[in-house]
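Numbering (the UniProt record's numbering), first residue to last: 1 to 353.
Glycine included, C-beta positions come from ideal geometry on N, C-alpha and C.
Taking it in order: structure first as structure tokens, then the write-up.
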Ligand SMILES: [Fe+2]
């Protein structure tokens with residue numbers, strides 16, 4: 001164990017001790033891999049040093065995944081702002097972003113799984129686009145799509161809500177339920193999105209169609225055209241599934257987020273109703289609900305890191321308890337296997353770390 005001044009701390013190092021603030025609040029947990037955003041957080045709270053485990057640095061490629069994600073989020077935020085200001089989509093930047101995501105997912109199917117879902121209400125719009133892109137590309141890969149199609153799918157997914165830039169902000173940000181008239185205006189974002197993409201050099205009709213059809217539903221109950229089943233192209237059917245899952249697992253102005261296993265149940269319950277059954281199946285089998293390393297809170301107040309996700313019951317992973325919400329830190333982490341502990345269940349996922 002080494003005492004490491006913040007000035008010498010680097011991404012990839014592993015924390016050897018929990019980091020507490022002077023007022024007793026827990027900031028970071030022992031065992032966390034240092035990422036650029038943690039260094040920023042430590043600086044923000046004026047933490048002078050931390051303890052690092054020696055010889056346990058993780059490969060740069062894994063830290064690099066976070067860099068791809070951060071660069072992608074900056075790009076999509078910029079693109080959305082440009083379109084809102086009436087400028088063109090920066091097609092080369094958005095293509096670079098999608099190519100980088102497709103490359104990472106092709107290398108490793110669980111790429112980005114610990115990064116998706118980390119957002120607050122303010123960053124919802126652009127991180128939602130990015131996470132829908134990641135989930136869609138992972139699902140497309142699971143369905144056997146090749147790189148060229150994955151790129152089209154990723155571009156359509158990342159730009160699926162671009163038409164919202166043309167919806168008045170008072171409707172877009174309204175904290176309460178929309179009136180019927182307002183909802184009709186909101187629905188137009190699909191058509192606006194299609195027009196924006198169609199008129200952007202370097203983007204094509206396949207990508208524009210995804211923006212147009214991402215609210216169509218398997219049973220024909222969606223909009224804007226009420227298409228059903230295979231009348232909707234496969235790219236749009238994938239993006240619809242990813243869009244709903246990601247929206248359900250996000251905090252919104254008007255409601256609290258659902259837990260990942262609640263959102264996945266919703267997808268499965270609506271398979272063959274709202275969603276293409278083959279796609280919902282591929283989606284649920286390939287998206288990590290509680291990825292290894294994610295930090296969850298149990299109904300007992302214990303805080304634990306996910307050690308292993310069971311494919312047949314992803315909502316009940318094996319957990320290493322590392323802290324308690326109340327009381328002193330756990331000095332010797334212990335294991336709870338939720339498969340064997342029927343009275344214990346996950347009540348929250350800590351996404352702020
Ligand atoms: Fe949408």
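Query	Result
Helix or strand or just coil, what does DSSP make of residue 1?	coil
For residue 303, does the three-state DSSP call read helix, strand or coil?	strand
Assuming residue 318 is part of the beta strand (DSSP E), what are its boundary residues?	318-324
Is residue 47 helix, strand or coil by DSSP?	coil
Which residues in the same chain as residue 357 place their Cβ atom closer than 8 Å to its Cβ, once the five residues preceding and following it in sequence are excluded?	Examination of residue 357 is not possible in this model, given that the chain is present from 1 through 353 alone.
Residue 223 by DSSP, collapsed to three states: which one?	coil
Indicate, with yes or no, if ligand 1 has a heavy atom lying under 6 Å from the CB of residue 161.	yes
Grouping DSSP H, G and I as helix and E and B as strand, with all else coil, what is residue 276?	coil
I think residue 49 touches residue 4, with their Cβ atoms under 8 Å apart; what is that distance to the nearest whole Å?	6 Å
Would you kindly check if the distance between the Cβ of residue 305 and the Cβ of residue 383 is under 7 Å?	As shown, the chain starts at 1 and ends at 353. That puts residue 383 outside it, with no answer to give.
Where residue 279 and residue 241 are concerned, what is the direct C-alpha to C-alpha distance, given to the nearest angstrom?	8 Å
Using DSSP with H/G/I as helix, E/B as strand and the rest coil, what is residue 184?	helix
Excluding five sequence neighbours on each side, which residues of the same chain lie with their C-beta closer than 6 Å to the C-beta of residue 299?	345, 347
Could you check what DSSP says for residue 122 in three-state terms: helix, strand or coil?	Low confidence applies to residue 122: its pLDDT is 49, below 50, so where it sits in the model is not reliable enough to give any reading.
To the nearest whole angstrom, what separates the beta carbons of residue 140 and residue 210, a pair I think is in contact under 8 Å?	Contact flag wrong, Cβ pair sits at about 12 Å.
Using only the alpha-carbon positions, how far apart do residue 142 and residue 276 sit?	15 Å
Tell me, which residues are paired with residue 334 by DSSP?	321
How close, in whole Å, do the beta carbons of residue 147 and residue 102 come, if the pair is a contact with beta carbons under 8 Å?	6 Å
Considering Cα atoms alone, identify which of 323, 318, 149, 326 is closest to residue 336.	318
When we look at the beta-carbon of residue 302 and count the other beta-carbons within 10 Å, is it buried (16 or more) or exposed?	buried
Identify whether residue 167 lies in helix, strand or coil by the three-state DSSP scheme.	coil
Taking the C-alpha atoms as reference points, what is the distance between residue 201 and residue 166?	19 Å
Mark residue 334 as exposed unless 16 or more other C-beta atoms lie within 10 angstroms of its C-beta, in which case mark it buried.	exposed
Let me see if you follow: with CB-CB separation under 7 Å, is residue 260 close to chain C or not?	No chain C is present in this structure, which holds just one protein chain.
Beta-carbon within less than 7 Å of residue 266's beta-carbon, same chain only, minus the 5 sequence neighbours each way: which residues are those?	248
Are the region 30-50 and the region 10-17 touching, with three or more C-beta to C-beta distances below 8 Å?	yes
Tell me the rounded alpha-carbon separation between residue 136 and residue 215.	15 Å
Between the alpha carbons of residue 273 and residue 233, how many angstroms are there, rounded?	16 Å
Contact check, residue 9 vs residue 34 under 8 Å by CB: the rounded distance?	6 Å
Using only alpha-carbon positions, find the residue among 161, 170, 182, 297 that is nearest to residue 189.	161
Report the rounded CA-to-CA distance for residue 37 versus residue 219, giving the unit in angstroms.	43 Å
Given this structure, state the Cα-to-Cα distance separating residue 164 from residue 79, to the nearest angstrom.	12 Å
Mapping the DSSP letters down to three states, classify residue 353 as helix, strand or coil.	Unreliable placement is indicated for residue 353, whose pLDDT of 39 sits below 50; no coordinate value is reported for it.
Looking only at its chain, what residues have a beta carbon closer than 7 Å to the beta carbon of residue 243, apart from the 5 residues adjacent to it on each side?	132, 160, 214
Grab me the residues of residue 261's own chain with a C-beta within less than 8 Å of its C-beta, minus the 5 sequence neighbours each way, in chain order.	289, 290, 314, 315, 346
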